[in-house]
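In mature numbering (1 follows the signal peptide of the UniProt record, and there is no 0), the protein residues as written are -23 to -1, 1 to 454.
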């Protein structure tokens, strides 16, 4: 799910959030991972991670297709490991989201946010296949149009260009393949078990790994949760997120001083009277990264104002501020090394369950199936938005035009048997709290911590400390 703000505002946020990027342990040579000449996977070409003291960067070679592990085609993935190789609690594999975001550039910052955990665990992060400076899938038109947005729909020609760039390799960027990479990484680290911590789409990846390899996961943290299975087959329509918008905005408006109006009703009116309802939805989800209160008039530069007031004014005939926010928060044109839109679409389309089925459904029948769903979606399924908004989002419109591709192999057993901590902000629209409650039902040893007033990506972005404190207690207990 979305885990970054638009490129136009990225520098401002980065400057505000800078600092705290050193490892907790003194640097030392990394432990030998596998014997030279053995058939076991190895972390090759170790070197100091640039600009991140206390961490070693290296490369892991993985098969392009884990269903044919002996094939000639391989990928080379960058890995970062903390230098405290003898950490008493073992390895903590931290997974970023998107899908499309790399991991290696963030290891210093993430470990610095949790210093007590970093003293006891060896932090490990990986640029998942198709991401990062050395491996990002570069689809220029798609990158220019949607960057890291889940919601902004790409044009069909941008989707076609990306599919053409990937060719037959499009089959091999699903979560199934990444799970295979992660188990090779575990073997290269020479550990039997590891703690796994995933954020946003990283929760999908982490939970999928844990479901397939339960004996290899000692503890699992899921932060800003996307369920790793979708039995109701509506996650790609984002129905839960659409409905959650009413709860989130009403809660924001109830905080003192109360708004005195119903922002959900305002939004419902706009969704039925503006042609750009999908863009309004995209802007709301982007806005949470800058202002989880949704009401800070100074969250954006130059007095752009807050999103709740802008929606209210637009409902009552003055759309100027809302239109300005739509322009400021437009999702387009980011650096592919920081977020690959090409990897995003290949993974989403290969992983997802859609109104027409999966990526293995013939493209020629998808539009008719989608139209049937649009016509029959009840208002309560999407309110305050509409069925048109649901079928107009980026997941649906991008994958509608994606060519036939192999669907991911889903876990045979959805249950998560290990201890699981789930974290979610109650102001999160990207991965709404309702999804975390759903995933909790698959974790008999799970516990959900709801961080009040927080939006997406608790460990990285929470303004307070409650979420990170819960993680430390869980991992160190």
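Note that CB positions come from ideal geometry on N, CA and C, so glycine has one too.
Just so it is clear, the structure is predicted and the values come from calculations on it, not from any experiment.
Residue 330 counts as buried, since no fewer than 16 other beta carbons sit within 10 angstroms of its beta carbon. Taken in chain order, the complete beta strand (DSSP E) segments of 3 residues or longer contained in the region 88 to 168 are 99 to 103.
Beta bridge pairing from DSSP links residue 61 with no other residue. When the beta-carbon positions are compared, residue 146 and residue 193 stay at least 8 Å from each other. Boundaries of the alpha helix (DSSP H) harbouring residue 250: 240 to 250, taken from the DSSP string.
When secondary structure is reduced to three states using DSSP, residue 213 falls in the helix class. Runs of the alpha helix (DSSP H) lying entirely within the region 403 to 433 and spanning at least 4 residues, in chain order: 410 to 417.
With respect to residue 78, residue 318 sits apart: the two C-beta atoms are not nearer than 8 Å. Taking each of 176, 108, 106 and 112 in turn and checking the Cα distance to residue 72, the smallest one comes out for 176.
In the DSSP assignment, residue 49 falls outside any beta strand (DSSP E), carrying neither H nor E. When DSSP states are grouped into helix, strand and coil, residue 198 belongs to the strand group. The straight-line gap separating the alpha-carbon atoms of residue 244 and residue 357 is approximately 14 Å. In the DSSP assignment, the residues bridged to residue 174 are 71 and 198. Every unbroken stretch of the alpha helix (DSSP H) spanning 4 or more residues and falling wholly within the region 309 to 364 is given here in chain order: 318 to 328, 340 to 353 and 356 to 359. By the C-beta criterion, the region 168 to 175 is judged to be in contact with the region 58 to 77, since at least 3 inter-stretch pairs fall below 8 Å. When C-beta atoms of the region 99 to 109 are compared with those of the region 43 to 54, three or more pairs fall below 8 Å, so the two segments count as touching.
Per DSSP, reduced to three states, the secondary structure at residue 277 is coil, with no helix or strand assignment. The Cβ atoms of residue 201 and residue 405 lie closer than 8 Å to each other. In the displayed model, residue 391 falls within coil according to three-state DSSP, outside both helix and strand. A contact between stretches requires three or more CB pairs, one per stretch, nearer than 8 Å, and the region 387 to 399 meets this requirement with the region 411 to 424.
Taking a contact to require three or more Cβ pairs closer than 8 Å, the region 300 to 314 and the region 271 to 285 qualify as touching. Measuring C-alpha to C-alpha distances from residue 382 to each of 18, 96, 84 and 151 identifies 151 as the nearest. The bridge partners DSSP lists for residue 36 are 21 and 55. Counted as a single uninterrupted DSSP element, the stretch harbouring residue 66 is not any alpha helix (DSSP H), since DSSP gives it neither H nor E. Spanning the alpha carbons of residue 276 and residue 42 requires a straight line of approximately 45 Å. According to the DSSP secondary-structure assignment, residue 401 is paired through a beta bridge with 427.
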